[in-house]
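Numbering (UniProt numbering), first residue to last: 1 to 778.
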């Protein structure tokens, strides 16, 4: 017993592995079909997907180190150093894209359709369009001849469709343009399409197709990549964007230089007038008083007064610069170019102000970049706006404090200067006046010389301004980056296989039909007497008495196997009544009855097979007999039993057909007369085989089972449902059943473990020994 259980377990494990392959083989057609559909859809998608090309240029971002700390005026107007991240933000900004698009034609798009696919004719269109109204409208052009074309435009629900001449203006309320043919260009296509994008749409396309990457974390090299459907345009825009970035960096520098020059020129004009006036006063005084120079004491006093006055003037300049910073903060203009590097020594206040301004610039730049793609209601924009407002408030307060400190210093310097001026007043009047006039002249002269030097340096810097940014690698015509058509088709193949196999296993999982012997073992306690191969594996339909027509076939050997196993099922030598039934029609019980009767009759035993399936009789067709009279005629007392027994051409084999269909077949079968008939037949025949109605349809067979010696239950593979096994179990465990066996019908030879012919041996269905088999059947 344990040995057989082990064998069964080993077989189950092996079958479970092979079951996967059986499912794949069974549903191979649907798997292939679904896979082909996926591949076809993927191929169509890959074909119609537009080509995308990428072109890249590499630029070096130069880091400005600023001017000398002593250069107060230049530092006052110089912009702060921008980090690499900031430069990336500038390059990706809509502002720079707008500037770059001035260099190339990005808005005119011309298309032609070939092989059901649309291609763009960049700079290769046979015509050009000068459009003044109607941007973002798609126009269809159908060439008529060398002078005319048909224009078709869909405007909402309306369609414009008219003939026009090349070179002549087309003017409507919605659009206005002139279409000109190019020389030496043929319009050989059936239809062309063109659209002129609005400038804002062009900017959107440009920004969305641009990506910037840093070559490595600490590198100042940036890679500008632009993706487009046209390789040449991808190259041109990448180069145009790089050139625009460099031009804009020069423009920012020259703009600051211009501000510096304006500041210096205004100061020079004022100081120049003061210098002329002070020089004239000094000269007049010398002539009038005949004074040539001051003595040593007077000279020292005058020099100290000059130093104090120079310091006072410097403080005033710093105060002016703070005023400029204050006004720019309050106005909110040009905040990106603010600088605090010219406000004196790097003290605590200046350092704090520098950090605040840098933080403000960073926030302003972030807002500028975000506003390229989002509105003011975007949460991050609102957050930055709040941060900018707070920073401006802090900077304003810091500037006010610095101005207060400057005022305090001015008062101290002015106080010291007044003391020296008192000492000057103690000198003789002529010396005192001379010293005052000379001091005024010297101060104006020093300031004028300083301003001239600054103006000259600034003018030279402006004229010779070059960008510290440079292009290292110019862009090449774009390389194809998508779609990867091979990959798309391969993914379609993979997804198709996954979907096909998945559906196959789902169908197998939802399939409630009995497929193999394991399903029967798991669903019932009854044993399998034998298995019959599928007729597709033996002979095609054309008569089903295989035991006579093909005595050497595998299916005939299978019936011999049943005949042998019946001896173990009921070994007694007396006449036997065998009931053959099934759960539902179509499981092959009638064919089995006919062939089983035939194979037993070949042993010399007298066999009669009787059709009790009165509702749908088919046994007479197996033997090519008429069904005008039969067992129903006997049970209804119309004829005697000998009158309905029909002798076949096969020796030892007789048949009783069902006869005319009665109105009450159940009552006839369950009558006492039925048992009398069986007793009479048993007295004449060795084996009586009853073809009964399906037990799942009517209860007729259940009554016959109780008076039979052997019950054979037919289960058809890939037809009977697993739920049918409940009926099998119920009958098997019934007290009325004497001996019970299952015939597993229409089994695929390659999917079972049964022996059918000489080379297979005569096992008990699974190859188990008789001990295990006899425990399973009665």
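Virtual Cβ for every residue (Gly too), placed ideally from N, Cα, C.
- For residue 473, the pairing in a beta bridge is given by DSSP as 58.
- By the neighbour-count criterion, in which a residue is buried when 16 or more other Cβ atoms sit within 10 angstroms of its Cβ, residue 453 is exposed.
- Collapsing the DSSP output to three states places residue 199 in a helix.
- Here the C-alpha atom of residue 313 lies approximately 19 Å from the C-alpha atom of residue 400.
- Listed as beta-bridge partners of residue 646 by DSSP are 655.
- Judged by DSSP in its simplified three-state form, residue 177 adopts strand.
- Counted as a single uninterrupted DSSP element, the stretch harbouring residue 496 is not any beta strand (DSSP E) but the alpha helix (DSSP H) occupying residues 485-510.
- The bridge partners DSSP lists for residue 128 are 180.
- For residue 727, the enclosing alpha helix (DSSP H) has its first and last residue at 725-732.
- Contact between residue 363 and residue 391 holds: their C-beta atoms lie close to 7 Å from each other, under 8 Å.
- Going by DSSP, residue 620 is part of no beta strand (DSSP E) but of the alpha helix (DSSP H) stretching over 619-622.
- Within a 10 Å sphere around the beta-carbon of residue 306 sit 16 or more other beta-carbons, which makes this residue buried.
- The residue from 716, 145, 365 and 585 with its alpha-carbon nearest to that of residue 534 is 716.
- Contact check for residue 263 against residue 417 fails: the beta carbons are separated by 7 Å or more.
- Within its own chain, the residues whose Cβ lies closer than 6 Å to the Cβ of residue 125, once the five positions on either side in sequence are excluded, are 110, listed in chain order.
- For residue 113, the enclosing beta strand (DSSP E) covers residues 108-114.
- Residue state for residue 215 is assigned as coil, using DSSP reduced to three classes.
- Here the alpha carbon of residue 153 sits roughly 11 Å from the alpha carbon of residue 142.
- Excluding its 5 nearest sequence neighbours in each direction, residue 472 has C-beta neighbours in its own chain below 6 Å: 58 and 60, listed in chain order.
- Residue 353 carries a helical assignment under DSSP once its states are collapsed to helix, strand and coil.
- Following the DSSP letters along the chain, one finds residue 84 inside the alpha helix (DSSP H) bounded by residues 84-91.
- Leaving aside the five residues that flank residue 668 on each side, the residues in its chain whose CB is nearer than 7 Å to its CB run, in chain order, 632, 635, 636 and 662.
- With a cutoff of 7 Å on beta-carbon distance, residue 483 and residue 217 are scored as not near each other.
- The DSSP assignment places 589-601, 619-622, 631-635, 641-644, 665-669, 672-684 and 700-705 as complete runs of the alpha helix (DSSP H) inside the UniProt domain "AAA" (576-722), in order along the chain (cut-off: 4 residues).
- Judged by beta-carbon spacing, residue 166 lies beyond the 7 Å limit of residue 150, meaning their Cβ atoms are not closer than that value.
- Residue environment: residue 586 is assigned as exposed (fewer than 16 neighbouring CB atoms within 10 Å of its CB, all protein chains considered).
- The continuous beta strand (DSSP E) containing residue 140 extends over residues 138-143.
- Shown here for residue 53: same chain residues with a beta carbon closer than 8 Å to its own, the five before and five after excluded, namely 227, 228, 229, 230, 231, 234, 477, 478, 479, 480 and 481 in chain order.
- Residue environment analysis places residue 658 among the buried positions, since at least 16 neighbouring C-beta atoms fall within 10 angstroms of its C-beta.
- The C-alpha of residue 588 lies about 38 Å from the C-alpha of residue 37.
- Taking a contact to require three or more Cβ pairs closer than 8 Å, the segment 678-698 and the segment 566-580 qualify as touching.
- Looking from the CA of residue 526, the closest CA among 91, 189, 382 and 732 belongs to 732.
- CA-CA distance, residue 599 to residue 605, rounds to 10 Å.
- Relative to residue 550, the option among 34, 572, 590 and 595 whose CA is nearest is 595.
- Exposure of residue 331 is indicated by the presence of fewer than 16 other C-beta atoms within 10 angstroms of its C-beta.
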